[in-house]
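Colleague: One structure follows; several queries about it will come next.
Protein chains: 4
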Amino acid sequence: MITTRPQPTTRKPDTAIYERRESAVRSYARSMPRQFNKAEGAWMHDNQGGRYLDFLSGCSTLNYGHNHPVLKQALLDYIAADGITHGLDLHTDAKAAFLETLETVILRPRGLNYRAMFTGPTGTNAVEAAIKLARKVTGRELVIAFTNGFHGMTLGALACTGNAAKRGGAGVPLSHVAHEPYDGYHGPDVDTADLLERRLSDPSSGLDAPAAILVETVQGEGGLNSASPEWLRRIAAIARHHGALMIVDDIQAGCGRTGGFFSFEGMGFTPDVVTMAKSLSGMGLPFALALFRPELDQWSPGEHNGTFRGNNHAFVTATAALRHFWGSAMFQADIARRGTLLERLLETMAAEHGLSTRGRGMMRGIDLKSGEIATAVTAGCFERGLIIETSGAHDEIVKVLAPLVIDDALLSAGLDILEICIREALAVHYGVAAE
Amino acid sequence: MITTRPQPTTRKPDTAIYERRESAVRSYARSMPRQFNKAEGAWMHDNQGGRYLDFLSGCSTLNYGHNHPVLKQALLDYIAADGITHGLDLHTDAKAAFLETLETVILRPRGLNYRAMFTGPTGTNAVEAAIKLARKVTGRELVIAFTNGFHGMTLGALACTGNAAKRGGAGVPLSHVAHEPYDGYHGPDVDTADLLERRLSDPSSGLDAPAAILVETVQGEGGLNSASPEWLRRIAAIARHHGALMIVDDIQAGCGRTGGFFSFEGMGFTPDVVTMAKSLSGMGLPFALALFRPELDQWSPGEHNGTFRGNNHAFVTATAALRHFWGSAMFQADIARRGTLLERLLETMAAEHGLSTRGRGMMRGIDLKSGEIATAVTAGCFERGLIIETSGAHDEIVKVLAPLVIDDALLSAGLDILEICIREALAVHYGVAAE
Amino acid sequence: MITTRPQPTTRKPDTAIYERRESAVRSYARSMPRQFNKAEGAWMHDNQGGRYLDFLSGCSTLNYGHNHPVLKQALLDYIAADGITHGLDLHTDAKAAFLETLETVILRPRGLNYRAMFTGPTGTNAVEAAIKLARKVTGRELVIAFTNGFHGMTLGALACTGNAAKRGGAGVPLSHVAHEPYDGYHGPDVDTADLLERRLSDPSSGLDAPAAILVETVQGEGGLNSASPEWLRRIAAIARHHGALMIVDDIQAGCGRTGGFFSFEGMGFTPDVVTMAKSLSGMGLPFALALFRPELDQWSPGEHNGTFRGNNHAFVTATAALRHFWGSAMFQADIARRGTLLERLLETMAAEHGLSTRGRGMMRGIDLKSGEIATAVTAGCFERGLIIETSGAHDEIVKVLAPLVIDDALLSAGLDILEICIREALAVHYGVAAE
Amino acid sequence: MITTRPQPTTRKPDTAIYERRESAVRSYARSMPRQFNKAEGAWMHDNQGGRYLDFLSGCSTLNYGHNHPVLKQALLDYIAADGITHGLDLHTDAKAAFLETLETVILRPRGLNYRAMFTGPTGTNAVEAAIKLARKVTGRELVIAFTNGFHGMTLGALACTGNAAKRGGAGVPLSHVAHEPYDGYHGPDVDTADLLERRLSDPSSGLDAPAAILVETVQGEGGLNSASPEWLRRIAAIARHHGALMIVDDIQAGCGRTGGFFSFEGMGFTPDVVTMAKSLSGMGLPFALALFRPELDQWSPGEHNGTFRGNNHAFVTATAALRHFWGSAMFQADIARRGTLLERLLETMAAEHGLSTRGRGMMRGIDLKSGEIATAVTAGCFERGLIIETSGAHDEIVKVLAPLVIDDALLSAGLDILEICIREALAVHYGVAAE
């Protein structure tokens with residue numbers, strides 16, 4: 005039987021070392037002032053005996069939960085045997101196993117013919133590599149990204165990111181990217197794919213011919229906006245028609261979070277390039293890749309590189325994760341079922357408070373219509389032992405990113421806490437007594 | 005007794021999976037077509053029983069050798085105990101231990117007062133963070149970098165990198181950076197610090213007031229050019245005088261490679277910002293940080309972030325490495341001695357062939373004056389079981405990046421192989437019979 | 005009585021000198037291969053005795069016709085008296101007279117309080133100065149321009165121009181400008197001011213806070229698209245609300261072309277900055293200025309300059325033009341009446357052929373829905389002695405830019421020629437016999 | 005006999021209209037607070053009867069003096085005959101005459117085969133066109149300009165300009181240009197052509213392959229630095245070797261100012277592109293052109309344009325100037341002689357005060373080593389009726405830009421005033437009693 009009760013601690017830990025030595029840029033540590041020391045599955049433990057249910061999952065980096073035993077054992081065995089830890093981009097058994105597993109478990113069954121590029125092991129590096137490649141292949145500079153898109157913090161990826169506070173950190177104007185309205189951005193009556201098509205077809209629109217259209221199927225940081233398959237197919241067709249590459253940034257929405265291994269499965273189009281990171285290693289190890297059609301693989305050797313581009317520990321855990329979770333249809337069926345459960349529970353909760361939900365699969369949230377309220381909700385959750393965060397332009401969406409493998413009872417238990425905190429926060433905000 | 009004889013295999017492994025599924029961007033795997041499966045200390049093993057002496061060390065990422073037993077055990081213990089693997093930037097025991105060790109073992113003994121920013125765990129992310137911060141703090145855009153500098157592949161860091169082939173991969177013009185001549189670039193008679201000072205002091209020089217001066221003390225990728233302490237002090241003074249931050253990119257030259265933990269120790273200046281990566285985790289795990297004076301820590305929470313910015317496995321191995329190697333003066337003394345040995349052996353070798361050496365500490369090379377010859381040398385070495393690579397604008401420098409902990413006998417054995425291959429390559433090239 | 009019959013020549017002149025010595029960039033000379041030597045009012049004469057009715061008017065630079073006798077005499081007198089021709093930005097009688105006339109004849113009656121900046125004497129220089137000032141005053145970089153906007157050919161103004169062929173000439177990516185949809189761009193059901201407001205109000209839209217919104221009230225080069233007063237008021241309000249300057253580029257639409265001296269008169273908003281050129285000197289002499297509210301006049305002396313920024317000949321003719329045409333209400337009433345006549349005649353013509361018209365005041369055209377047809381029309385007109393040109397993203401609009409002072413009979417005569425040529429071109433194109 | 009005595013007025017004119025209506029960007033009018041109304045030859049007259057000797061000549065725009073009678077008469081005749089004033093880029097008699105005269109009087113005798121592009125009629129427009137063309141022809145982005153270079157105020161040309169105050173006016177970072185040290189910039193012992201060659205030949209220098217090298221032979225605004233023929237030939241060779249166009253910006257130094265019609269005549273190299281403006285029209289009318297080798301004339305029709313690109317009045321006066329001054333060898337001989345006289349007089353003056361001179365031909369100045377002193381000198385001169393200005397990064401050079409046609413006695417008289425003012429200013433500054 006699963007114990008579903010979080011047991012948060014109330015004593016704040018000593019943070020002097022962080023104040024003295026860690027940059028003020030730290031963020032999550034501020035709203036969750038505990039020092040963690042252990043984690044397994046959906047649980048995180050702090051060093052004062054507290055236990056927290058994790059509905060953040062490293063922003064979808066821990067889709068299989070913390071320290072999944074299968075992955076953990078694979079890694080322990082590998083390290084114990086002195087497997088290659090760091091090998092630049094040299095061939096290793098671990099890399100070969102990963103590529104073969106990717107091919108047989110993921111690509112072939114989905115009829116996809118991609119090559120894998122191991123970029124530096126962070127999402128932003130993968131995005132940088134993807135847009136470099138698009139610019140190289142097309143000989144064009146402009147990348148079209150979308151409102152509320154989030155793609156990373158290095159200069160090339162940051163230019164594609166919509167968030168003004170992040171953009172402001174650049175210290176230089178961000179160039180060579182245009183942000184166009186995402187699906188639904190201008191309400192249900194405006195087809196934003198039409199707007200884009202109109203501008204790209206007009207030689208006097210001021211929008212230069214693009215190298216790439218870079219899109220998330222669900223905007224994880226931007227508020228869980230979810231694009232319809234029709235709209236995504238239109239974008240794919242527009243990209244093809246105008247000689248641009250379609251890049252799907254699947255860093256947050258991929259690896260099962262929205263149901264399939266790729267978030268665009270079954271939608272009737274195939275991206276030219278896909279970027280992956282976060283849950284790709286399965287266990288939270290730094291790992292990223294860009295996948296693209298072989299014809300696009302026009303790199304010169306070493307034209308884009310990076311010291312940690314072959315993170316062999318991540319190869320090991322990623323291979324184990326692909327085999328364990330994606331080797332049969334069971335996992336995917338389980339996510340589908342659980343995603344429906346989550347949808348139902350969230351919808352009920354939202355309906356009760358006159359709110360609406362967002363997202364798809366196991367990547368869903370509830371729109372509190374106010375960053376202030378949403379932040380009060382997540383703070384309340386944390387006090388009750390639930391780790392959960394906000395999303396959206398105004399931090400107004402409370403985002404449920406539970407592990408995909410979470411037990412249904414735990415999922416419900418966490419949502420119960422969420423419901424209580426929403427009720428309280430709304431009551432405080434609107435001056436109504438909570439029951 | 006140490007066995008010093010490499011035993012390379014001659015059979016090339018099956019590479020079909022790489023050709024089918026890995027991007028053409030792979031580079032080292034082309035000149036070293038083996039599949040490796042195990043490594044310890046200075047040795048790498050391939051999956052057909054071959055054994056290779058590693059004088060590349062992951063481009064200085066494996067300063068303590070492969071899978072050092074102390075680090076390995078610390079990591080095994082941590083994983084076995086379900087320590088936090090991935091925690092975004094949440095406080096963890098592993099992070100606190102790292103920060104405390106950094107403070108007590110590294111910063112305090114050196115009289116340095118820095119704060120640590122855990123950027124995305126690759127060198128280029130650390131450089132991006134450093135130049136963002138410099139631009140934010142100064143309100144200026146221009147970064148001054150140097151000829152032959154190498155700082156990374158993402159758009160902001162790539163703009164600081166000198167190499168034309170890498171720059172060409174950007175697909176957009178690289179902006180907001182000026183490259184000025186490095187120490188010695190224009191020969192011994194031209195003081196390039198003077199040139200820079202002249203231009204920055206002239207309001208009509210066309211060189212805008214800089215946010216930062218970004219410099220490597222030894223240019224690892226750019227040909228092992230080594231700046232003199234005098235020149236670096238001048239650069240530090242120029243930066244200060246003109247209101248710019250001095251950023252030392254210590255990603256390759258730091259962590260003992262040039263002798264001290266920082267490559268600038270004992271030179272009489274303190275950088276405003278230092279970037280670290282490569283050997284920082286000790287075991288080759290992705291890890292990077294930017295260090296800066298507390299007054300410069302003007303980040304807003306989350307203004308620069310990244311999913312893998314808290315790589316707890318790397319905290320663990322980095323902490324173990326700091327304690328094990330830097331906790332006493334022995335290691336540093338050992339590097340100093342071994343660096344002198346390397347210098348002597350390389351100088352002798354160079355003198356014999358009318359060549360010259362480059363570099364400092366355990367980061368030295370020999371100038372073959374031709375990329376063709378140097379590549380022939382490294383190819384010859386690999387056939388004899390020595391992994392070694394070139395550097396420099398024309399790949400003309402053969403670069404010895406042996407593990408810092410290498411046994412002297414092994415170091416000599418490797419250099420013997422190098423000497424044979426140089427002799428052969430020169431003979432072939434200049435048509436002289438090798439002895 | 006006015007002679008209204010053009011008498012074109014059929015012999016093409018010797019163009020050897022142009023082929024030998026003039027750049028291939030020349031354009032109008034290709035479709036109108038005559039050598040002109042004389043002009044007065046609405047007429048141009050070639051050197052073989054031909055006479056052409058001018059419905060191009062130097063792209064609205066000759067609103068008062070060629071060599072208007074009042075302006076001509078003023079200039080002759082000034083030159084004969086050795087008036088200052090070139091005086092950099094020194095005070096001259098001519099400049100003082102212009103400023104005083106601008107104040108009394110134009111600004112005061114309209115309740116406008118602007119300062120005049122004499123930029124280099126071309127429209128693009130005025131636009132460059134305007135956006136520089138906006139960036140300086142606001143401390144922001146981004147300028148919002150509109151689809152189909154045309155603002156000039158120098159790098160700053162070209163970035164604001166929508167036309168892809170012109171943009172392509174830059175040879176570098178054009179930065180720091182976003183093009184948003186103009187009024188009506190997405191059809192009657194989409195309010196593009198709403199789209200803009202939505203994006204600027206969203207901190208995650210990827211659209212940075214703008215320094216300026218740069219807009220033409222009628223897009224002269226972009227196809228005679230005419231913005232509604234309501235939309236322009238919205239844009240003005242949006243600019244104000246978001247801390248941006250509203251710049252009206254009145255270079256082509258100003259100086260009476262659309263009715264008032266400024267094209268935005270009577271619309272209920274006041275731009276922060278207005279750029280003027282083309283017909284400002286009245287006689288076709290190079291002259292441009294930027295007008296702005298005194299509070300915005302934050303230039304340092306000489307911060308933006310230019311050798312010909314004080315074109316005193318232009319001061320003289322501009323002063324004469326302001327006094328002669330704008331000193332009483334008669335001229336404006338006359339334009340209004342003639343604009344209505346033009347509207348009626350064009351509407352009739354369009355209706356007959358199932359076409360539509362565009363534009364406002366004396367700045368109107370007819371949409372041939374095909375650049376090929378429109379070019380056939382203008383070629384046919386030229387053969388019959390009518391100088392007229394196309395506009396629009398596809399050159400699909402035939403644009404009537406007759407002198408504002410043209411006699412009604414001449415206007416009708418020119419439109420008769422246009423009607424014949426449209427009939428012929430449509431017949432040829434659609435295979436129908438022309439009557 | 006020539007009257008050589010200036011008669012300045014002391015009463016400052018009423019400047020209320022300027023303060024009320026002219027932008028604060030005005031500059032010369034501040035240090036020369038008079039209102040001028042008439043000018044001929046070397047003389048300017050104010051509206052209170054004052055007379056000033058003009059050693060500024062519109063910054064070398066009035067090389068033939070104010071309102072030269074031959075040019076003036078040609079213009080009066082043209083206007084009186086209703087010659088085309090404004091004709092966009094249509095062929096006109098005036099344009100044909102200019103092109104033919106340019107060919108026969110200037111190009112053929114010098115063995116130059118250039119095509120003429122009539123850009124917008126200001127120097128900055130010509131520079132913009134030149135660098136656009138270079139980028140288009142080469143497919144590269146980077147332009148190499150030089151320290152202290154001055155090329156204009158629009159965004160493309162401003163990026164090539166060295167002056168920090170002007171650059172700061174841009175409000176955006178200036179990109180795609182690198183400033184390299186001009187001849188002599190680093191003192192007599194550093195060959196800056198060598199420095200440039202070294203960097204361009206090094207694939208890791210960070211200096212991208214350039215589209216163009218843009219250079220003035222004498223830096224008019226940058227302090228009258230004069231490049232040696234040897235250095236310029238090296239630059240020409242470097243440009244050719246590296247596939248870049250050499251653009252000579254002859255806007256200030258051309259039209260006889262340094263002796264020949266082009267400032268590079270007789271130096272043993274031929275630029276790929278030459279930009280001209282300022283004195284090109286002869287009478288101070290706005291006029292500019294770019295000249296380039298026919299093979300480079302790869303413009304599409306209209307790819308770069310501008311409303312005033314055919315300033316026919318300027319064609320008329322420019323043609324008259326070419327014929328009158330350049331039709332025989334006399335004028336050039338006269339400049340040479342007078343330039344030598346100027347050199348001798350300035351050298352004597354400089355020697356007396358321990359100062360040095362700068363420049364070439366009739367483009368010379370004296371280095372006061374302090375902007376404060378130099379400004380005191382020019383202020384003193386103005387009080388005595390001599391219009392003269394400073395130049396250089398610190399405004400430390402007093403620049404003699406007398407009309408080329410000035411009578412020797414007048415030249416001497418002006419220099420006498422200058423000498424007195426230098427003596428006084430030095431005395432005040434260094435606390436020595438003036439004699």
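Chains as they are written, first to last, in our numbering: chain A, 5 to 439; chain B, 5 to 439; chain C, 5 to 439; chain D, 5 to 439. Note that the Cβ used here is the ideal one computed from N, Cα and C, for glycine as well. Computed from a prediction, not measured in an experiment: that's the story for all the values here.
#1: Interface residues of chain D around residue 223/C at Cβ under 8 Å?
#2: If we ignore side chains and look at the alpha-carbon of each, how far apart do residue 301/A and residue 398/B end up?
#3: Out of 388/D, 348/D, 433/D and 315/D, state which residue places its alpha-carbon closest to the alpha-carbon of residue 372/D.
#4: Using only CA atoms, which one of 55/A, 13/A, 93/A and 12/A lies nearest to residue 39/B?
#5: So residue 68/A contacts chain B; which residues on that side make the cut at Cβ distance below 8 Å?
#6: May I ask you to report which of helix, strand or coil DSSP gives residue 11/B?
#7: For residue 319/A, which three-state DSSP category applies?
#8: Which stretch, first to last residue, makes up the alpha helix (DSSP H) that contains residue 47/C?
#9: Okay, do the stretch 11–26 of chain D and the stretch 39–52 of chain D touch, 3+ Cβ pairs below 8 Å being the bar?
#10: Smallest Cα separation from residue 375/C: which of 401/C, 352/C, 390/C and 253/C?
#11: Closer than 7 Å by C-beta to residue 289/D: which residues in its own chain qualify, once you throw out the five before and the five after it? Chain order, please.
#12: Alpha carbons only, please: which of 173/A, 180/A, 176/A and 175/A is nearest the one belonging to residue 176/C?
#13: When DSSP labels each residue in this structure, what does residue 250/A get in the three-state scheme?
#14: For residue 80/D and residue 83/C, which I take to be in contact (beta-carbon distance under 8 Å), what is that distance rounded to the nearest angstrom?
#15: Determine contact between the stretch 345–352 of chain D and the stretch 385–394 of chain D, defined as no fewer than three beta-carbon pairs at a distance below 8 Å.
#16: Rounded to the nearest angstrom, what separates residue 268/D and residue 253/D at their Cα positions?
#17: Give me whichever residues DSSP pairs with residue 56/C in a beta bridge.
#18: Can you list, in chain order, the residues of the stretch 222–246 of chain D whose Cβ is nearer than 8 Å to any Cβ on chain B?
#19: Starting from residue 211/B and walking both ways along the beta strand (DSSP E), at which residues does that stretch end?
#20: Leaving out five residues on either side along the sequence, give the residues of the same chain with a beta carbon under 8 Å from the beta carbon of residue 435/C.
#21: How about residue 158/B: is its C-beta nearer than 8 Å to some C-beta of chain D?
#22: So, for residue 23/B: in the same chain, excluding its five sequence neighbours on each side, which residues have a beta-carbon less than 7 Å away from its beta-carbon?
#23: Quick check: residue 403/C and residue 365/C, are their CB atoms within less than 8 Å of each other?
#24: Rounding to the nearest angstrom, what Cα-Cα distance links residue 229/C and residue 342/C in this structure?
#25: Please look up how many angstroms separate the CB atoms of residue 109/A and residue 331/A, rounded, as I've assumed it's under 8 Å.
Modeller: A quick look at the data gives this:
#1: Going along chain D, no residue has its Cβ under 8 Å from residue 223/C, so there is no contact; the nearest lies around 16 Å.
#2: 25 Å
#3: 433/D
#4: 93/A
#5: Residues of chain B passing the Cβ test: none, with the nearest at roughly 11 Å.
#6: strand
#7: helix
#8: No alpha helix (DSSP H) holds residue 47/C; the beta strand (DSSP E) holding it covers 47–50.
#9: yes
#10: 401/C
#11: 315, 317, 318 and 321
#12: 180/A
#13: strand
#14: 6 Å
#15: no
#16: 10 Å
#17: 48/C
#18: 226 and 227
#19: Run containing residue 211/B: none; DSSP gives neither H nor E here.
#20: none
#21: no
#22: none
#23: no
#24: 20 Å
#25: 6 Å
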